[in-house]
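Residue numbers (the numbering used here), protein chains in the order written: chain A, 1 to 356; chain B, 357 to 575.
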């Protein structure tokens, strides 16, 4: 069972690798593209913090995604992850905007349809709501951060060299927070579907601390994302050069806003704090890191007034909205067809009938 | 023996001190230039003029050193990746100002022109205005490094002083050519007035560049 599980897990790990290779650029692209940080420094920090985030704080979003559909056979989990990976790959090749989060949700919906499992519409609506909220929240965070940062710089009047130093440190800190939040928020996309079918049990590490079965799975997924981060140089340079027109300080605002969005949708501590204050609970579900960045860039442009708003390429926002519908729909169809093939051609169980 | 890097911000502190020193050097050179020429016009080439000339030469040499050191540090330490080109451009402009002030003084030292008393007042005014133009460049440059939004508050002063220098220079040249001096002396004096005016022109060019650099330094 052990070896078979790891063979099946390969599709999730591949998805993790591609997520690391792409989304690490959202975290450190500005810093590396603008030569404020070296790629090696960015990749190491990203790898460490993404793994920590996945292991220590991935449980919340995994639970949120699990509510949508609990893929209860490892063959099914493999197929859903593979369908998501194929969708991401195909749409990227076709030049269409795509998010791993939306692809995995589509994959689970495909599994729900195939296995005749009822989809909880309330959960689905909540997840869709967070997708819409993600870029909007990114824009709001960027707007506020821009105003605060601009005011602080205007009052403090730091020398250009000190501003450069503090921006470097800020980019490193924001990047570390972003990587941690990316790991915490996006780990269910990578290995979340394997949780119900995972045979991994608790593991005591030298009697110092214990890793739960889920944490062990998340560690593997986190390491896959971490390895992917080391392959993200080219994407980082592309993203960095696109965003660098806003300048290193503006870049810090974007990265910080993006990190805060991911943190908001993955922190159990923040969720319980918000609930204790009597405010509406924040759903802990995976959101798109790329869309958070696009939202933040738009927020930064809007903060500059009409001149900035004119610079926004509104077709990018239209494409994001298109992705909310197209990606899960395509992934659901791919997942459904793949599950059919795996079950009927390769004769692998893709779901277990429960409740009988 | 190699120095120990105790503070992670050591390079930044050193570089900031060097940039500040470069601005001080240009400012002091402008004062030395003004006082030196002033003294020559009033008293001829005596001790003070020679002393100011030596000061300007020392400032020019130090300016070259600082510019090279700052440029090297910016590239080797990968500092200011987005604005290092502008900072180096500004330092080049400041260095040219030092060169022009030294050049103008060198020509006076070599030629020792005789200046009739009726031109003293105009020439003193022209030198003073040229030095003021340089001073305003230094003030604007200091703003660029700390508070780029206020840079343009000084750019218009640079333009004003440059315009005044030019007007004064034309007025003197006109007076020179209307005088009864022989043509060779007229041409010689005109050359000196042009050299003073060139200092202000170069300062104006630096101001134009600074205005663009300051706009680029928005968040």
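Where is the CB? At the ideal position from N, CA and C, for every residue including glycine.
**Request:** Return the chain-ordered list of same chain residues with a C-beta closer than 7 angstroms to the C-beta of residue 561/B, the five sequence neighbours on each side being excluded.
**Result:** Stepping through the second chain from its first residue, residue 561/B is reached at position 205. Residues 449 of the same chain have their beta carbon placed closer than 7 angstroms to that of residue 561/B, with the five preceding and five following residues left out of the count.
**Item:** beta strand (DSSP E) segment containing residue 205/A, residue limits
**Value:** Within the first chain, residue 205/A is the residue found at index 205, counting from 1. 203-205 is the extent of the beta strand (DSSP E) around residue 205/A.
**Prompt:** What separation, rounded to the nearest whole angstrom, lies between the Cα atoms of residue 444/B and residue 159/A?
**Reply:** In the second chain, counting from the first residue as 1, residue 444/B sits at position 88. In the first chain, counting from the first residue as 1, residue 159/A sits at position 159. Taking the straight line joining both Cα atoms gives about 16 angstroms.
**Request:** With a threshold of 16 other CB atoms inside 10 Å of the CB of residue 428/B, please say whether the residue is buried or exposed.
**Result:** Taking the second chain and counting its residues from 1, one reaches residue 428/B at position 72. Residue 428/B comes out exposed.
**residue 509/B classed as buried or exposed, judged by whether at least 16 other C-beta atoms fall within 10 angstroms** = For the purposes of this step, residue 509/B is taken as residue 153 along the second chain, with counting starting at 1. Exposed is the call here.
**Prompt:** Would the C-beta of residue 552/B count as close to the ligand HEM, meaning under 7 angstroms from any of its heavy atoms?
**Reply:** Here there are no bound small molecules, and the ligand HEM is not part of this structure.
**Prompt:** What do you reckon, are the CB atoms on residue 331/A and residue 103/A nearer than 8 angstroms?
**Reply:** To locate residue 331/A, count along the first chain from 1; it is residue 331. To locate residue 103/A, count along the first chain from 1; it is residue 103. For residue 331/A and residue 103/A, yes; Cβs fall inside 8 angstroms.
**Asked** Quick one: does residue 437/B have its CB under 8 angstroms from some CB of chain A?
**Response** What you label residue 437/B is simply residue 81 of the second chain in a count that begins at 1. Interface residue, yes.
**Message:** 8 angstroms is my cut-off, CB to CB: does residue 372/B come that close to chain A?
**Reply:** Within the second chain, numbered from 1, the residue matching residue 372/B stands at position 16. Judged by the 8 angstroms Cβ criterion, residue 372/B is in contact with chain A.
**Message:** According to DSSP, simplified to helix, strand and coil, what is residue 211/A?
**Reply:** For the purposes of this step, residue 211/A is taken as the residue at position 211 of the first chain. Here residue 211/A sits in strand by DSSP.
**Message:** Beta carbons nearer than 9 angstroms to chain A: which residues of the segment 407-439 of chain B have them?
**Reply:** 434, 435, 436, 437, 438 and 439
**Prompt:** Which class does residue 358/B belong to by DSSP, given the choice of helix, strand or coil?
**Reply:** For this step, residue 358/B is matched to residue 2 along the second chain. Bear in mind that the predicted position of residue 358/B carries a pLDDT of just 46, short of 50, making it too unreliable to give a figure here.
**Request:** Check the Cβ of residue 503/B against every Cβ in chain A and list those closer than 7 angstroms, keeping chain order.
**Result:** Taking the first residue of the second chain as position 1, residue 503/B is located at position 147. Residues of chain A passing the Cβ test: 157.
**residue 146/A - DSSP class collapsed to helix/strand/coil** = The residue given as residue 146/A occupies position 146 in the first chain. Correct three-state label for residue 146/A: helix.
**Prompt:** Around the Cβ of residue 199/A, are there at least 16 other Cβ atoms within 10 angstroms (buried) or fewer (exposed)?
**Reply:** In the first chain, residue 199/A corresponds to position 199, counting from 1. Classification for residue 199/A: exposed.
**Asked** Buried or exposed: where does residue 336/A fall if 16 or more other Cβ atoms within 10 Å of its Cβ makes it buried?
**Response** For the purposes of this step, residue 336/A is identified with residue 336 of the first chain, where counting begins at 1. Buried, by the Cβ-count rule.
**Message:** For residue 153/A and residue 548/B, I'd like the C-alpha separation in whole angstroms.
**Reply:** As a working note, residue 153/A is residue 153 in the first chain. As a working note, residue 548/B is residue 192 in the second chain. So the two alpha carbons sit approximately 45 angstroms from each other.
**Asked** Taking C-beta to C-beta, are residue 299/A and residue 141/A nearer than 8 angstroms?
**Response** If you number the first chain from 1, residue 299/A lands on position 299. If you number the first chain from 1, residue 141/A lands on position 141. Yes, the Cβ-Cβ distance between residue 299/A and residue 141/A is below 8 angstroms.
**Message:** Within 10 Å of its beta-carbon, does residue 281/A have 16 or more other beta-carbons around it, so buried, or fewer, so exposed?
**Reply:** Residue 281/A sits at position 281 when you count from the first residue of the first chain. That one is exposed.
**Request:** Could you tell me whether the Cβ of residue 120/A comes closer than 8 angstroms to any Cβ of chain B?
**Result:** Walking along the first chain from the start, residue 120/A turns up at place 120. No, because no Cβ of chain B sits closer than 8 angstroms to the Cβ of residue 120/A.
**Request:** Put residue 140/A into one of helix, strand or coil per three-state DSSP.
**Result:** The residue labelled residue 140/A in the question sits at position 140 within the first chain. Residue state, collapsed to three classes: helix.
**Asked** Any chance the segment 79-86 of chain A sits against the segment 197-212 of chain A, with 3 or more Cβ pairs inside 8 angstroms?
**Response** No, they do not touch.
**Prompt:** Could one say the Cβ of residue 170/A lies closer than 8 angstroms to chain B's Cβ atoms, at least one of them?
**Reply:** Residue numbering aside, residue 170/A sits at position 170 when the first chain is read from its first letter. It does not: the Cβ of residue 170/A has no partner Cβ on chain B nearer than 8 angstroms.
**Request:** Pull up the distance between the alpha-carbon of residue 21/A and that of residue 423/B, whole angstroms please.
**Result:** Walking along the first chain from the start, residue 21/A turns up at place 21. Walking along the second chain from the start, residue 423/B turns up at place 67. Using only the alpha carbons, I get a separation of about 41 angstroms.
**Environment of residue 539/B [buried if 16+ CB atoms lie within 10 Å]** = On the second chain, residue 539/B is found 183 positions in, with the first residue counted as 1. It counts as exposed.
**Prompt:** If residue 120/A and residue 68/A are in contact, beta carbons under 8 angstroms, what's the gap, nearest whole angstrom?
**Reply:** The residue labelled residue 120/A in the question sits at position 120 within the first chain. The residue labelled residue 68/A in the question sits at position 68 within the first chain. Sure, about 7 angstroms apart at Cβ, within 8 angstroms.
**Message:** So, at 7 angstroms on beta carbons, what are the nonlocal neighbours of residue 227/A in its own chain, with the 5 sequence-adjacent residues on each side left out?
**Reply:** Translated into positions along the first chain, residue 227/A becomes position 227. So the list reads 17 and 20, once near-sequence residues are dropped.
**Against chain B: residues of the segment 13-35 of chain A by CB proximity under 8 angstroms** = 34 and 35
**Asked** Taking the continuous alpha helix (DSSP H) assigned at residue 562/B, which residues delimit it?
**Response** Along the second chain, read from residue 1 onward, the residue named residue 562/B stands at position 206. Segment 539-572, the alpha helix (DSSP H) holding residue 562/B.
**Asked** Who are the Cβ neighbours of residue 155/A in its own chain at under 7 angstroms, not counting the five residues just before and after it?
**Response** Position 155 of the first chain, counting from 1, holds the residue named residue 155/A. Around residue 155/A: no qualifying Cβ.
**Item:** chain A contact for residue 351/B (CB, 8 angstroms cutoff)
**Value:** The first residue shown for chain B is 357 and the last is 575, placing residue 351/B beyond what the model contains.
**Asked** If we count Cβ pairs, one from each stretch, closer than 8 angstroms, do we get three or more for the segment 182-193 of chain A versus the segment 216-224 of chain A?
**Response** yes
**Item:** residue 367/B versus residue 373/B - alpha carbon distance
**Value:** Sequence index remark: in the second chain, residue 367/B carries index 11 (1-based). Sequence index remark: in the second chain, residue 373/B carries index 17 (1-based). Computed Cα separation, rounded: 10 angstroms.
**Item:** Buried or exposed (CB count within 10 angstroms, at least 16 for buried), residue 185/A
**Value:** Taking the first residue of the first chain as 1, we reach residue 185/A at position 185. Burial call: buried.
**Request:** Kindly list, in the order they appear in chain B, the residues whose Cβ is closer than 7 angstroms to that of residue 202/A.
**Result:** On the first chain, position 202 is the one that residue 202/A refers to. Within 7 angstroms Cβ-Cβ: nothing; residue 202/A doesn't reach chain B, min ~42 angstroms.
**Asked** How big is the Cα-Cα spacing for residue 230/A and residue 62/A?
**Response** In the first chain, the residue the question calls residue 230/A occupies position 230. In the first chain, the residue the question calls residue 62/A occupies position 62. Those two C-alpha atoms are separated by around 25 angstroms.
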